[in-house]
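Heads up, the thing below is written out as structure tokens.
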Amino acid sequence: MAEAKTAQYQRPLPRRRGPAGEFYEFCHKHELRFQRCGDCGTWRHIPRDMCAKCGSFKWRWDKSSGRGKVFSWTTVMQPMLPQFAEVPYSPVIIEMEEGVRMLSWLRDVKPEELKLDLPVEVAFEDVTPEVTLPMFRRRS
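FYI, the numbering for the sequence shown is 17 to 156, going by our numbering.
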């Protein structure tokens with residue numbers, strides 16, 4: 017069954033090396049975690065070694081609430097790659113309660129239903145046996 021799921025998912029998969037690899041390891045466990053500075057407490061995403069606020073190299077992975085809101089989006093009407101042929105679709109930027117922003121997909125919301133500050137929550141999607149992506153859904 018796992019092989020069939022892998023064959024069905026045709027979109028590019030994230031690279032799973034370094035700090036990004038650690039991020040996706042947590043996602044595979046259905047945990048949304050972001051780096052947090054060990055000195056000033058600033059949350060950050062995309063994962064990196066140094067804090068942009070204070071310059072510290074101390075950090076840890078803290079669990080996110082998984083809740084956020086739609087910050088921005090774009091609606092694609094013409095695909096650039098055959099793997100994205102189902103149009104229209106709208107990649108969204110989610111602003112998490114922790115203050116970080118991340119690019120993702122909003123499931124079960126049509127492009128014409130999108131609005132600023134729409135409350136959302138993480139909904140993990142196991143796209144292959146090895147890769148789980150953090151998607152989002154409308155929060156009730």
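We put the CB at the ideal spot given by N, CA and C, even for glycine. Just so we're clear, the structure is a prediction, and the values are computed from it rather than from any experiment.
Reduced DSSP secondary structure (H/G/I, E/B, other) of residue i
i      : result
Pro145 : coil
Gln51  : strand
Met93  : coil
Gly115 : coil
Opposing strand residues paired with residue i [DSSP bridges]
i      : result
Ala139 : Met151
Arg123 : Arg153
Val103 : The partner list for Val103 (beta bridge, DSSP) is empty, contrary to what the question assumes.
Lys85  : Glu111, Pro135
Arg76  : Arg52
Distance between residue j and residue i (C-alpha atoms, nearest Å)
i      : j      : result
Asp55  : Ser81  : 21 Å
Tyr25  : Arg153 : 20 Å
Ile62  : Met118 : 8 Å
Gly34  : Glu47  : 18 Å
Ala101 : Asp142 : 21 Å
Leu149 : Val116 : 17 Å
Val86  : Cys67  : 25 Å
Trp75  : Thr144 : 29 Å
His44  : Pro104 : 28 Å
Pro107 : Val138 : 14 Å
Gly57  : Glu114 : 11 Å
Any non-hydrogen atom of the ligand GTP within 6 Å of residue i CB
i     : result
Cys56 : Among the components modelled here there is no ligand, and therefore nothing to report on the ligand GTP.
Supposed contact pair residue j and residue i - C-beta distance, whole angstroms, cut 8 Å
i     : j     : result
Trp77 : Gln51 : 6 Å
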